[in-house]
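Numbering (our numbering), first residue to last: 121 to 219.
Structure follows, in structure tokens:
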């Protein structure tokens, strides 16, 4: 299913015509949850289920902390459930060198 034309501005770096709402759902959700305006989020809420949205919200490393905190509050999630709110793997459990 093709995307509505009003969403084109959010996909500046890819071929908009090649995007499919079902086939590319994860990518589309990731992009619109991060950059979408009120109209785009309204479309997301109608087009995708809570489970589909939550999968992206919980697992995407590309969502910003600001976006992560918003959706965490919206869905009443724990901070540790969102990958975007966790420290990068190369920094987890490391201590500063003791000089």
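Cβ coordinates follow ideal geometry from the N, Cα and C atoms, glycine included. This structure is a prediction, so every number in the text was calculated from the model and none was measured.
Are the CB atoms of residue 178 and residue 202 within a distance shorter than 8 Å? Residue numbering aside, residue 202 sits at position 82 when the chain shown is read from its first letter. Residue numbering aside, residue 178 sits at position 58 when the chain shown is read from its first letter. In contact: residue 202 and residue 178 (Cβ atoms closer than 8 Å).
Going by DSSP, what residue range makes up the alpha helix (DSSP H) through residue 193? To locate residue 193, count along the chain shown from 1; it is residue 73. Residues 185 to 195.
I'd like to know whether the C-beta atoms of residue 122 and residue 140 end up nearer to each other than 8 Å. In the chain shown, counting from the first residue as 1, residue 122 sits at position 2. In the chain shown, counting from the first residue as 1, residue 140 sits at position 20. Yes, the Cβ-Cβ distance between residue 122 and residue 140 is below 8 Å.
Restricting to Cα atoms, I'd like to know which of 170, 143, 126 is closest to residue 156. Numbered from 1 along the chain shown, position 36 holds the residue referred to as residue 156. Ranking the options by Cα distance to residue 156, first place goes to 126.
Just confirm the distance between the C-beta atoms of residue 172 and residue 205, as a whole number of angstroms; I'd bet it's less than 8 Å. Mapped onto the chain shown, residue 172 falls at position 52. Mapped onto the chain shown, residue 205 falls at position 85. Contact flag wrong, Cβ pair sits at about 20 Å.
Beta-carbon contacts of residue 151 that lie in its chain and below 7 Å, excluding the five residues immediately before and after: One-based indexing of the chain shown puts residue 151 at position 31. 130, 131.
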